[in-house]
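Below you'll find the structure, written out as structure tokens, and then a few comments.
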Amino acid sequence: MDIDLELDPRRLVWALARIILALDAAYVFTQFFVRVLGWSHRNIIFVLFDLNHEMNLPTLYSGATLLLCAILLAMSAAGEARKRRPFFGWAGLSLAFVFLSADELLVIHEKLNEPLRAALHTSGGVFHYAWV
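Positions in the sequence shown are counted from 1; adding 120 to them yields our numbering.
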């Protein structure tokens, strides 16, 4: 089964940028409601759009975008394999992006911070984020 997929880079960038701008605007509005109108930081609307935390709509967008990259890279690998050309680079990149997507959606690196800091004896400075 052959799939020919042509994406217009300009349209794709603008579509993704619109989503980012909408998420940013939602965050600014929620900040206004919290800081000016006195809404609680625990308000579901604030929590859904808070760019300073994980497990919300911006995180979902980020994870989905990384997963889309993984799918496109896997399609490139499959196309190269069908043409009997080297495809391991594309496949490796696809797997890397699957991991990045899972990390973003499942908050893996945030859960590793404290154990890695303790294991590596790094409490601050340049090694504050030990998972890097």
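C-beta: ideal position from N, C-alpha, C; glycine also.
Predicted model only: the values in this text are computed from it and were never measured.
Out of Leu226, Pro235, Asn233 and Glu234, point me to the one whose CA is closest to Glu174's CA.
Of the listed residues, the one whose Cα sits closest to Glu174 is Leu226.
Helix, strand or coil, according to DSSP, for Leu193 in the structure here?
Reduced to three states, the DSSP call for Leu193 is helix.
Same chain, Cβ closer than 6 Å to Leu187, five either side skipped, listed in chain order
The beta carbon of Leu187 sits closer than 6 Å to the beta carbons of Ser221 from its chain, once the five residues preceding and following it are set aside; these are given in chain order.
Is there at least one Cβ from chain B nearer than 9 Å to His161's Cβ?
The displayed structure is made up of one protein chain only, and chain B is not part of it.
By DSSP, does Gly244 sit in helix, in strand, or in coil?
If DSSP states are grouped into helix, strand and coil, Gly244 belongs with coil.
Residue from Arg237, Gly245 and Leu141 with nearest C-alpha to Tyr101
The chain is shown only over 121 to 252; residue 101 falls outside these bounds and no answer can be derived.
When you compare the CB positions of Phe219 and Leu193, do they come within less than 9 Å of one another, or not?
No, these two residues do not count as a Cβ contact at 9 Å.
Can you tell me which of Cys189, Trp134, Leu168 and Ser243 puts its alpha carbon nearest to the alpha carbon of Thr150?
Measuring from the Cα of Thr150, the nearest candidate turns out to be Leu168.
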